[in-house]
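Chemist: Just so we're on the same page, the working numbering is the position in the sequence shown counted from 1, plus 6. Below you will find the structure I want to go over with you.
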Amino acid sequence: MKRSRGSPFISIMTVNRNHAEGLRRTLASVGEQTFRDFEQIVIDGGSTDESLSVVSTFREKINHYLSEPDRGVYHAMNKGIAIASGAYVIFLNSGDVFASGEILATASEVMKRDPERDLFYGSTLRKSSDDGVVVREVPEPLRVFDLYKFRLCHQSVFYKRVLFDELGGYDESFHIYADIEFNIRCLQAGRQARRLGFAVSLYEGGGMSSRESAELGSERERLWSKCLGSSVSRDYEHFAWLDAEYRRLKGAEDWIETAKLNPLWKNIALVCQWRWKRVCKTRRWGRVR
7 MKRSRGSPFI SIMTVNRNHA EGLRRTLASV GEQTFRDFEQ IVIDGGSTDE
57 SLSVVSTFRE KINHYLSEPD RGVYHAMNKG IAIASGAYVI FLNSGDVFAS
107 GEILATASEV MKRDPERDLF YGSTLRKSSD DGVVVREVPE PLRVFDLYKF
157 RLCHQSVFYK RVLFDELGGY DESFHIYADI EFNIRCLQAG RQARRLGFAV
207 SLYEGGGMSS RESAELGSER ERLWSKCLGS SVSRDYEHFA WLDAEYRRLK
257 GAEDWIETAK LNPLWKNIAL VCQWRWKRVC KTRRWGRVR
């Protein structure tokens with residue numbers, strides 16, 4: 007892609023392995039962007055499905071393509087970082103798509119007006135079990151405590167490329183939470199983050215961090231012990247529980263106040279709706295496990 011004077015050049019990195027249909031959706035989404043000052047990098051882990059055919063279809067829109075076995079998704083992302091020449095990078099992996107065709111154009115305008123910031127993050131959309139859309143919001147200012155809740159999705163973050171030179175790449179000893187560890191590193195190094203006032207991506211879900219397992223718990227514990235120390239990590243766990251409990255009770259209090267103003271039939275309908283959502287959630291988590 008040609009670079010325009012005054013606009014930040016962006017590297018879009020897409021990691022893929024045997025997910026041809028997801029790769030097709032991602033590359034089509036990138037192609038719909040009205041902003042053109044970017045390069046598309048595809049790092050493939052040696053796929054044996056139709057991924058190569060998809061790459062051939064989009065070959066004129068792909069600036070760098072590498073296909074070889076890797077040690078995992080973060081190893082692949084580190085390969086992409088080594089290739090990237092953009093001032094900013096974003097990781098839109100196979101199956102993820104931009105929330106609209108104006109995302110890069112809108113984000114680039116914010117970057118031009120605020121060049122001192124090191125990363126820009128937006129909210130993330132995810133499809134719900136009832137075919138709706140759930141919005142994952144991230145507060146501002148961004149704190150380590152917010153990252154403890156794992157609410158910052160790399161699909162919706164634009165990083166300055168130089169961050170990876172100065173702070174190092176993803177820690178590949180983490181198979182699931184290496185992106186969280188890097189975000190914490192950025193904040194602990196005093197790097198400045200700014201929230202974008204819009205959703206950046208719709209992510210597919212179903213990835214490594216969406217599964218519950220003994221490995222997830224073990225890696226999560228190791229992450230916080232490394233970044234905060236074991237004693238501080240335990241305090242964060244306690245504060246996170248208190249925060250969740252406060253939100254639960256506040257929600258119940260608000261519901262009760264609303265229920266006092268509702269007719270009986272409406273409250274019955276609301277309880278039935280709540281119960282149905284709980285059943286759907288239980289079934290969904292049962293499938294994941």
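Cβ atoms here follow ideal geometry from the backbone N, Cα and C, with glycine treated the same way.
Using a Cβ-Cβ distance under 9 Å, would Asn84 count as near chain B?
Modeler: Given the protein chain composition of this structure (a single chain), no chain B is represented.
Chemist: Taking the alpha-carbon positions, what's the Phe204 to Phe180 distance?
Modeler: Counting from 1 along the sequence shown, the entry for residue 204 is found at position 198. Counting from 1 along the sequence shown, the entry for residue 180 is found at position 174. Their Cα atoms are separated by approximately 30 Å.
Chemist: Can you list, in chain order, the residues of its chain whose CB lies under 7 Å from that of Ile68, leaving out five sequence neighbours each side?
Modeler: Your numbering for residue 68 matches position 62 in the sequence shown. Counting only Cβ-Cβ distances below 7 Å, and skipping sequence neighbours, we find Gln46, Val48, Val61.
Chemist: For the alpha helix (DSSP H) that contains Gly86, what are its first and last residues?
Modeler: What you label residue 86 is simply residue 80 of the sequence shown in a count that begins at 1. Per DSSP, Gly86 belongs to the alpha helix (DSSP H) from 79-89.
Chemist: Looking at Gly107 and Thr40, is the spacing between their C-beta atoms short of 9 Å?
Modeler: Mapped onto the sequence shown, residue 40 falls at position 34. Mapped onto the sequence shown, residue 107 falls at position 101. Closer than 9 Å, so yes.
Chemist: Do His81 and Asp55 have their C-beta atoms closer together than 9 Å?
Modeler: Position 75 of the sequence shown holds residue 81. Position 49 of the sequence shown holds residue 55. No, these two residues do not count as a Cβ contact at 9 Å.
Chemist: May I ask you to report which of helix, strand or coil DSSP gives His181?
Modeler: Numbered from 1 along the sequence shown, position 175 holds the residue referred to as residue 181. Here His181 sits in coil by DSSP.
Chemist: Whole angstroms is fine: what's the gap from Arg254's alpha carbon to Ile190's?
Modeler: One-based indexing of the sequence shown puts residue 254 at position 248. One-based indexing of the sequence shown puts residue 190 at position 184. Taking the straight line from one Cα to the other gives about 27 Å.
Chemist: Assuming Arg197 and Leu270 make a contact with CB atoms under 8 Å, what is their CB distance in whole Å?
Modeler: Within the sequence shown, residue 197 is the residue found at index 191, counting from 1. Within the sequence shown, residue 270 is the residue found at index 264, counting from 1. Actually they do not touch by this definition, with Cβ atoms about 54 Å apart.
Chemist: Closest to Arg201 by CA distance: which of Ser134, Leu276, Pro147, Ile87 is it?
Modeler: The residue labelled residue 201 in the question sits at position 195 within the sequence shown. The residue with the shortest Cα to Cα distance from Arg201 is Pro147.
Chemist: Per DSSP, what kind of secondary structure is Phe104 in: helix, strand or coil?
Modeler: Here the question's residue 104 lines up with position 98 in the sequence shown. In the structure shown, Phe104 sits in a strand (DSSP, three-state: E or B).
Chemist: Excluding the 5 residues preceding and the 5 following Arg31 in the sequence, name in chain order all residues of the same chain whose CB lies nearer than 6 Å to its CB.
Modeler: Taking the sequence shown and counting its residues from 1, one reaches residue 31 at position 25. Counting only Cβ-Cβ distances below 6 Å, and skipping sequence neighbours, we find Val103.
Chemist: Rounded to whole angstroms, what's the CA-CA distance from Thr112 to Ile182? Just pull it up for me.
Modeler: To locate residue 112, count along the sequence shown from 1; it is residue 106. To locate residue 182, count along the sequence shown from 1; it is residue 176. Distance between Thr112 and Ile182, taken at the CA atoms: about 30 Å.
Chemist: Per DSSP, Tyr71 is paired with what?
Modeler: Indexing the sequence shown from 1 puts residue 71 at position 65. Per DSSP, Val48.
Chemist: Please classify Ile282: is it buried, with 16 or more other beta-carbons within 10 angstroms of its beta-carbon, or exposed?
Modeler: Here residue 282 refers to the residue found at position 276 of the sequence shown. As written in the sequence, residue 282 is Trp, which differs from the Ile given in the question. Classification for Trp282: exposed.
Chemist: Which same chain residues end up closer than 7 Å to Val144 when comparing Cβ atoms and leaving out the 5 residues on each side of it in sequence?
Modeler: Numbered from its first residue, the sequence shown carries residue 144 at position 138. Contacts found: Tyr127, Ser129, Asp152, Arg157, Leu158, Arg201.
Chemist: Report the three-state DSSP secondary structure of Ser237 (helix, strand or coil).
Modeler: By one-based count along the sequence shown, residue 237 stands at place 231. Annotation note: pLDDT 49 at Ser237 (below 50); position unreliable, no value reported.
Chemist: By the 10 Å Cβ neighbour count, where 16 or more other Cβ atoms means buried, how is Ser237 classified, buried or exposed?
Modeler: Numbered from its first residue, the sequence shown carries residue 237 at position 231. Legend: pLDDT at Ser237 = 49, less than 50; position of this residue unreliable, no value from coordinates given.
Chemist: Is the beta carbon of Glu210 less than 9 Å from the beta carbon of Gly28?
Modeler: Along the sequence shown, one-based indexing puts residue 210 at 204. Along the sequence shown, one-based indexing puts residue 28 at 22. A contact, by the Cβ cut-off of 9 Å.
Chemist: Output the residue ranges of the alpha helix (DSSP H) runs that lie fully inside the segment 13-66 and measure 4 residues or longer, sorted by chain position.
Modeler: Taken in chain order, the whole alpha helix (DSSP H) runs of length 4 or more contained in the segment 13-66 are 26-37, 57-63.
Chemist: Where does Cys278 land, buried or exposed, given buried means 16+ other C-beta within 10 angstroms?
Modeler: In the sequence shown, counting from the first residue as 1, residue 278 sits at position 272. With fewer than 16 Cβ atoms within 10 Å of its Cβ, Cys278 is classed as exposed.
Chemist: What does DSSP give as the partner residues of Tyr176 in its beta bridges?
Modeler: Position 170 of the sequence shown, counted from the start, is the residue given in the question as residue 176. Beta-bridge pairing links Tyr176 to no other residue.
Chemist: Determine the contact status of Ser73 and Phe44, defining contact as a CB-CB distance below 9 Å.
Modeler: Along the sequence shown, one-based indexing puts residue 73 at 67. Along the sequence shown, one-based indexing puts residue 44 at 38. Going by C-beta atoms, Ser73 is not nearer than 9 Å to Phe44.
Chemist: Among Ser114, Leu110, Leu33, Ile89, whose alpha-carbon lies nearest the alpha-carbon of Glu66?
Modeler: Here the question's residue 66 lines up with position 60 in the sequence shown. Proximity to Glu66 across Ser114, Leu110, Leu33, Ile89 peaks at Leu33, based on C-alpha coordinates.
Chemist: On the CB-based measure, 16 or more other CB atoms within 10 Å of its CB, does Gly292 come out buried or exposed?
Modeler: Indexing the sequence shown from 1 puts residue 292 at position 286. Legend: pLDDT at Gly292 = 45, less than 50; position of this residue unreliable, value from coordinates given subsequently. Gly292 is exposed by the Cβ-count criterion.
Chemist: The ligand COA and Thr112: does any heavy atom of the ligand fall closer than 8 Å to the residue's C-beta?
Modeler: What this structure holds is no ligand at all, so the ligand COA is not there to describe.
Chemist: According to DSSP, is Ala275 part of a helix, a strand, or is it coil?
Modeler: Here residue 275 is taken as the residue at index 269 of the sequence shown, counted from 1. Reduced to three states, the DSSP call for Ala275 is helix.
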